[in-house]
Amino acid sequence: MSEDGLRPIRQRCIISAAYFISFICLGCCISVFGSAIPLLADRTGMPISGFAPTFSARAFGYVTGSLLSGVVTSVPLHTKVIAGLCLLSVTCAVFASASTFGVVTAAVAVQGLGGGLVDPGINTLVLLLHGPHTDPWM
């Protein structure tokens with residue numbers, strides 16, 4: 202620990218890099234759905250315009266995940282972030298292989314839940330890691 206009670210700067214930089222990579226993973230998982238819609242429309246028999254409810258389902262999942270991330274205090278923050286990243290990766294595989302619209306919608310909602318766990322979780326972890334010197338890291 203340094204004189205300000207924080208980890209050494211080298212260790213904080215390595216941990217911050219891992220957090221930033223997690224944000225990149227979040228972005229990749231969230232963005233891949235948009236480019237998959239034409240393929241999913243062919244596979245499920247649903248017109249592309251029919252996929253509008255999936256975006257609302259993802260938003261609902263995201264808000265739910267964000268609320269759970271703040272309300273459930275008995276689970277360590279790192280555990281919630283890891284669970285969110287696992288949900289993101291599993292749901293990418295599920296909706297990529299889904300053949301019904303219901304499965305796609307459910308997978309996207311759970312993906313939103315994972316994103317809602319990851320986003321505020323990492324932001325909070327960066328704040329805790331860097332303390333009063335957080336500004337350049339955010």
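Counting in my numbering, the sequence shown runs from 202 upward without gaps. Just so it is clear, CB atoms sit at the ideal spot from N, CA and C, and this is done for glycine as well. None of the values given here were measured: they were computed from a predicted structure.
Own chain residues within Cβ distance below 7 Å of residue i, not counting five before or after
{"i": "Ser270", "result": "Lys281, Gly317, Leu318, Pro321, Gly322"}
{"i": "Thr265", "result": "Leu314, Gly317"}
Residue i, buried or exposed, once every other Cβ within 10 Å from all chains shown has been counted against 16
{"i": "Thr306", "result": "buried"}
{"i": "Val343", "result": "Look at the range of the chain in this structure, 202 to 339, and you will see that residue 343 is not part of it."}
{"i": "Gly285", "result": "buried"}
{"i": "Thr335", "result": "exposed"}
{"i": "Ser223", "result": "buried"}
{"i": "Val309", "result": "buried"}
{"i": "Ile210", "result": "exposed"}
Own chain residues within Cβ distance below 6 Å of residue i, not counting five before or after
{"i": "Ser267", "result": "Gly317, Pro321"}
Residue i CB to nearest heavy atom of the ligand FMN below 7 Å
{"i": "Ile283", "result": "This structure lacks the ligand FMN, and indeed carries no ligand of any kind."}
Proximal residues to residue i (C-beta, below 8 Å), its chain only, five neighbours per side dropped
{"i": "Arg244", "result": "Ala299, Ser300"}
{"i": "Arg213", "result": "Leu207, Leu330, His331"}
Per-residue DSSP class, three states only, for residue i
{"i": "Phe265", "result": "Reading off the sequence, residue 265 comes out as Thr, not Phe. Helix, per DSSP."}
{"i": "Ser223", "result": "helix"}
{"i": "Thr255", "result": "helix"}
{"i": "Arg208", "result": "coil"}
{"i": "Thr292", "result": "helix"}
First and last residue of the uninterrupted alpha helix (DSSP H) at residue i
{"i": "Leu330", "result": "302 to 331"}
{"i": "Val276", "result": "It is not in any alpha helix (DSSP H) - Val276 carries neither H nor E in the DSSP assignment."}
Neighbour flag for residue i against chain B, beta carbons, 8 Å
{"i": "Gly266", "result": "No chain B appears in the structure shown, which is made up of a single protein chain."}
| Using 8 Å as the threshold, is the segment 214 to 224 in touch with the segment 289 to 303, meaning 3 or more CB pairs across them? | no
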